[in-house]
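Asker:
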Amino acid sequence: MLLDSNIIIYLTNDISLEKFFLDKLVYASIGTKIEVLGFHKISESEKEKLEAFFDSITVLDLSLKIADKAIQLRQTKKISLGDSIIAATALLHKLPLVTANVDDFKWIKDLKIINPLS
Numbered sequence: 059m060l061l062d063s064n065i066i067i068y069l070t071n072d073i074s075l076e077k078f079f080l081d082k083l084v085y086a087s088i089g090t091k092i093e094v095l096g097f098h099k100i101s102e103s104e105k106e107k108l109e110a111f112f113d114s115i116t117v118l119d120l121s122l123k124i125a126d127k128a129i130q131l132r133q134t135k136k137i138s139l140g141d142s143i144i145a146a147t148a149l150l151h152k153l154p155l156v157t158a159n160v161d162d163f164k165w166i167k168d169l170k171i172i173n174p175l176s
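Position one of the sequence shown corresponds to residue 59 (our numbering), numbered consecutively onward.
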């Protein structure tokens, strides 16, 4: 499973959501890491907790293939750069995207979406 930024933020604050991912193989896109840790109002304690989380999972790098797919997505419909990289990463690695922001991604063909909050 590839975790969207909002899910990682929820994970740091919600023990029940953490149990949802117990014994599951989870990944994050480098786009997710940039979005989460790049938040301008992040506190030092939040940053430390989130950095530890990213260190505990596999963060998938940006490749030219992912960049090309992100470009294709952005040419198809208005989507943020971060979301296009995250979606492209999920598609090319054939991973379901775990997100609470289903509406941001539901238009993308072949992208499997899991909303653990619903």
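The C-beta atom is built at its ideal place from N, Cα and C for all residues, glycine as well.
Given the structure is predicted, the values throughout are model-derived calculations rather than measurements.
Considering only residues of the segment 98-126, which uninterrupted beta strand (DSSP E) runs meet the minimum length of 3 residues and lie entirely inside it, listed in chain order?
Answerer: 116-118
Asker: Which class does ILE172 belong to by DSSP, given the choice of helix, strand or coil?
Answerer: Here residue 172 refers to the residue found at position 114 of the sequence shown. ILE172: strand per DSSP, three-state reduction.
Asker: Taking SER138 as part of the alpha helix (DSSP H), name the residues at either end of that continuous run.
Answerer: Walking along the sequence shown from the start, residue 138 turns up at place 80. Run containing SER138: none; DSSP gives neither H nor E here.
Asker: Where does MET139 land, buried or exposed, given buried means 16+ other C-beta within 10 angstroms?
Answerer: Indexing the sequence shown from 1 puts residue 139 at position 81. Contrary to the premise, residue 139 reads as Leu rather than Met in this sequence. If you draw a 10 Å sphere on the C-beta of LEU139, you find fewer than 16 other C-beta atoms in it, and that means exposed.
Asker: Using DSSP with H/G/I as helix, E/B as strand and the rest coil, what is LEU95?
Answerer: Here residue 95 is taken as the residue at index 37 of the sequence shown, counted from 1. Helix at LEU95.
Asker: Would you mind reading off the limits of the alpha helix (DSSP H) that contains ASP62?
Answerer: Position 4 of the sequence shown, counted from the first residue, corresponds to residue 62. Segment: none, ASP62 is in no alpha helix (DSSP H) and carries neither H nor E.
Asker: Taking just the CA atoms, how far does LYS135 sit from VAL156?
Answerer: If you number the sequence shown from 1, residue 156 lands on position 98. If you number the sequence shown from 1, residue 135 lands on position 77. Between VAL156 and LYS135, the C-alpha separation is close to 21 Å.
Asker: Among the residues of its own chain, which have a CB less than 6 Å from the CB of ILE172, if the five just before and after it don't count?
Answerer: Translated into the one-based positions of the sequence shown, residue 172 becomes position 114. Same-chain partners within the cutoff: PRO154 and VAL156.
Asker: Using CA coordinates, which residue listed in LYS105, ASP113 and VAL160 is at the minimum distance from ALA86?
Answerer: Residue mapping note: residue 86 aligns to position 28 of the sequence shown, counting from 1. Comparing Cα-Cα distances from ALA86 to each of LYS105, ASP113 and VAL160, the minimum goes to ASP113.
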